[in-house]
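A.B. asks: Once you've had a glance at the structure underneath, I'll fire off some questions.
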Amino acid sequence: MLPSSYSTSSLPPHPPPSPYPNNALGILLVLLGIFLINEIINSTSYFVGLASLIPIGILAVFMIVVSLFLAIVDPFRRKASEMLLPPPTIYRSREFITRRRSCQQQCVICMEDFVDGDCCRVLPTCNHTFHLMCIDPWLTSQLTCPICRNPISTAYDLC
């Protein structure tokens, strides 16, 4: 049985650190490759014979290293909406919702009135309330409130 005012589900723990590797490593690899290619090109005047093959070999090794680096990084990339946590689920009575927001007595997505025990989400940036099953599909494709278009920019906005 749900209380007459409201209860919130327990908040999830803070999100894990970003899976993206440090950009400094990528920049360092690119600069190292440019330096090596420059050194090989400038030193070809000292070598005879195989000197023309050395820059091609170094370039090939550099391209393989960069390809491997990108192959490791790409699986960790996700859309922003997948990295965000949903707002907490809130079970509220219709009386509590309408008392807080007298103008919003229904979910604007499905146009149904809120009833006792509805499973709802309240967006923290604007305090608009929606049925859980109505707002979740919206939040997977849009990072804004459907009513006021107020942006939901980070996971901290959703906690």
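Its first residue numbered 0, the sequence shown is counted upward by one per residue in numbering that gives the first Met the number 0. Just so it is clear, CB atoms sit at the ideal spot from N, CA and C, and this is done for glycine as well.
(1) Please return the same chain residues whose Cβ sits closer than 7 Å to the Cβ of Val64, not counting the five positions on each side in sequence.
(2) On the criterion of 16 or more Cβ atoms from any shown chain inside 10 Å, does Lys78 qualify as buried, or is it exposed?
(3) Along the beta strand (DSSP E) that carries Cys118, what are the first and last residues, could you check?
(4) Could you pull out every residue in the same chain whose Cβ sits closer than 7 Å to the Cβ of Cys109, ignoring the five residues on either side in sequence?
(5) By how many angstroms is the C-alpha of Ile26 removed from the C-alpha of Asp115?
(6) Report back the beta-carbon spacing between Cys106 and Thr124 to the nearest angstrom; my notes put them in contact at under 8 Å.
(7) In chain order, what residues of the same chain lie with their CB nearer than 6 Å to the CB of Phe61, ignoring the 5 residues before and after it?
(8) Whose C-beta lies closer than 7 Å to the C-beta of Ser101 among residues of the same chain, with five residues either side of it excluded?
(9) Measuring alpha carbon to alpha carbon, tell me which of Asp112, Cys147, Asp135 ends up nearest Asn126.
(10) Would you tell me roughly how many angstroms separate the C-alpha atoms of Cys119 and Thr128, rounded to the nearest one?
(11) Taking only the alpha-carbon atoms, compute the straight-line gap between Pro150 and Gln141 and give it to the nearest angstrom.
C.D. replies: Taking the structure as given:
(1) Leu28
(2) Low local confidence applies: a pLDDT of 47 at Lys78 is under 50, so the model's placement there is unreliable, and no value is given.
(3) 117-121
(4) His130, Cys133
(5) Rounded to the nearest angstrom, the two C-alpha atoms are 56 Å apart.
(6) Rounded, the Cβ-Cβ distance is 18 Å, inconsistent with contact.
(7) Gly32
(8) Confidence at Ser101 is low in this model, with a pLDDT of 45, below 50, so the placement of that residue should be treated as unreliable; the coordinate-derived value is given next. Contacts found: none.
(9) Cys147
(10) 7 Å
(11) 9 Å
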